[in-house]
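Here the structure comes first, spelled out in structure tokens, and everything after it is commentary.
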Amino acid sequence: MSNCTLCQTTGGQLLWENDLLRIIDAQDPQYPGFTRVIWKAHVAEMTDLLPAYQLMLMQNVLKIEMIQRDILQPDKINLAAFGNMVPHLHWHIIPRWRDDPHFPQPVWAAQPQADDHARDRQALRLQAIQARIPAYHAAIHSMMP
Ligand SMILES: [Zn+2]
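FYI, my numbering numbers position 103 of the sequence shown as 107, with every residue one higher than the one before it.
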């Protein structure tokens, strides 16, 4: 485990954790609110987890989704689990807006060219989301058991 990044670091700004999982803000400058729920042990697939742990993990993912809906009010929320790069099962919870830099593509897609008008809209959107991030983090702190 000594050279595993997610064993050595939290992988972002720690928002909440228990013995089994942690919730971090990915601190993506283009996508404020981009959050990950990371299983702490080396587990590759959801079906490697005991059913009770599968449920616990998904309940936490869905709590984050609900908090994003309440506080950030995105047009869409993207949930994704790849785990191709790290040996930790983790879920991405990404708030999306129709005027964000990649929409309707995934945030990992090549970024389309944006004209000045689109860039202005994206900058305004970014400011509006960033203004809500403290409330978003506070909600995660307070709503988790
Ligand atoms: Zn690890």
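Where is the CB? At the ideal position from N, CA and C, for every residue including glycine.
So the candidates are the options; which of them puts its Cα closest to the Cα of residue i?
i	options	result
F107	F86, K80 and T39	K80
D103	H96, D32 and Q115	Q115
A45	Q12, L76, A143 and H145	Q12
H145	L130, L10 and L18	L18
A127	C8, P36, Q31 and D23	P36
F86	I42, I137, L76 and T14	I42
I133	D32, A84 and L83	D32
Y140	M50, E69 and Q34	E69
M60	H94, L10 and R73	H94
L83	I75, L76, Q77 and P99	P99
So what's residue i in DSSP terms, helix, strand or just coil?
i	result
M5	Unreliable positioning characterises M5 in this predicted model, as indicated by a pLDDT of 49, which lies under 50. The coordinate reading is nonetheless provided below. DSSP places M5 in coil when its eight states are reduced to three.
R73	helix
H92	strand
Q17	strand
P2	Only positions 5 to 149 of the chain appear in this structure, which leaves residue 2 out of reach.
L25	strand
Flag residue i as yes when its Cβ comes closer than 6 Å to any non-hydrogen atom of ligand 1, and as no otherwise.
i	result
L10	yes
Could you tell me how far apart the beta carbons of residue i and residue j are, in whole angstroms, since I believe they sit closer than 8 Å?
i	j	result
W101	R129	6 Å
P105	A48	Not quite, the Cβ-Cβ distance comes to about 31 Å (not below 8 Å), so this is no contact.
Hey, is the region 27-43 in contact with the region 60-67, meaning 3+ C-beta pairs nearer than 8 Å?
-> Flag = yes, the region 27-43 and the region 60-67 touch.
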